[in-house]
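K.L.:
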Ligand SMILES: Nc1nc2c([nH]c(=O)n2[C@H]2C[C@H](O)[C@@H](COP(=O)(O)OP(=O)(O)OP(=O)(O)O)O2)c(=O)[nH]1
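Numbering (full-length UniProt numbering), first residue to last: 1 to 137.
#1: Can we say the region 65-85 touches the region 102-116, given the rule of at least three CB pairs closer than 8 Å?
#2: Apart from the five residues on each side of it in sequence, which residues of its chain come closer than 8 Å, Cβ to Cβ, to residue 51?
#3: So, do the region 110-125 and the region 45-59 have three or more beta carbon pairs nearer to each other than 8 Å?
#4: Could you tell me the boundaries of the beta strand (DSSP E) in which residue 102 lies?
#5: Around the Cβ of residue 120, are there at least 16 other Cβ atoms within 10 angstroms (buried) or fewer (exposed)?
#6: With a CB to CB cut of under 6 Å and the five nearest residues on each side skipped, what residues in its chain are close to residue 20?
#7: Leaving out the 5 sequence neighbours to the left and right, which residues in its chain are closer than 6 Å to residue 127 when beta-carbon positions are compared?
#8: Could you check whether the Cβ of residue 97 sits closer than 7 Å to any heavy atom belonging to ligand 1?
#9: Sorry if obvious, but does the Cβ on residue 28 come closer than 7 Å to a heavy atom of ligand 1?
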């Protein structure tokens, strides 16, 4: 049986914009944009991993609000699941503390202005469609 590791990506949505984060490492991914997130730890629920990764990487107090249906293959053995998330009241604004060197809030009309990781393009497209159907504000 092949190993399969789930990476969660957070679609952090605030004021009608989605947060994109520019990776600072490793070299082959640096400079490309992604949904913040990371690997789900053993015995960790994916939505808890989203909250943890957002705290560690961006210093925010967030909550996961739902899962975007589907799953996107990354390089083997990783697969990405995307969760929508929002900042909890009183949260600090996101800062690139770990893994990223720049953040950008994108309106849906500007979503393709940044150079997303190749693997993220279908996930971001489906996430936007999901947000359009389910979220307000
Ligand atoms: N977080 C994240 N990782 C992605 C995305 N797209 C994509 O191909 N990846 C890849 C990069 C990495 O090979 C892997 C996740 O690694 P990561 O470095 O973010 O995970 P992590 O925070 O748990 O890292 P670590 O504990 O190994 O340091 O998935 C994405 O949108 N978000």
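All residues carry an ideal CB built from backbone N, CA and C; glycine is no exception. All of these numbers come straight from a predicted model, not from anything done at the bench.
P.N.:
In terms of the structure at hand:
#1: These segments do not touch.
#2: Counting from 1 along the chain shown, the entry for residue 51 is found at position 51. Around residue 51: 62, 63, 64 and 85.
#3: Taking a cut-off of 8 Å for Cβ pairs, the region 110-125 and the region 45-59 do not touch, as fewer than three such pairs fall below it.
#4: Position 102 of the chain shown, counted from the first residue, corresponds to residue 102. Residue range 100-106 is occupied by the beta strand (DSSP E) that includes residue 102.
#5: Walking along the chain shown from the start, residue 120 turns up at place 120. Buried, by the Cβ-count rule.
#6: Position 20 of the chain shown holds residue 20. Closer than 6 Å at Cβ, skipping near neighbours: 33, 104, 106 and 114.
#7: For this step, residue 127 is matched to residue 127 along the chain shown. So the qualifying residues of the chain are 11, 68 and 82.
#8: Numbered from 1 along the chain shown, position 97 holds the residue referred to as residue 97. Checking the Cβ of residue 97 against ligand 1 gives no.
#9: Within the chain shown, the letter at position 28 stands for residue 28. Answer for residue 28: no, Cβ out of range of ligand 1.
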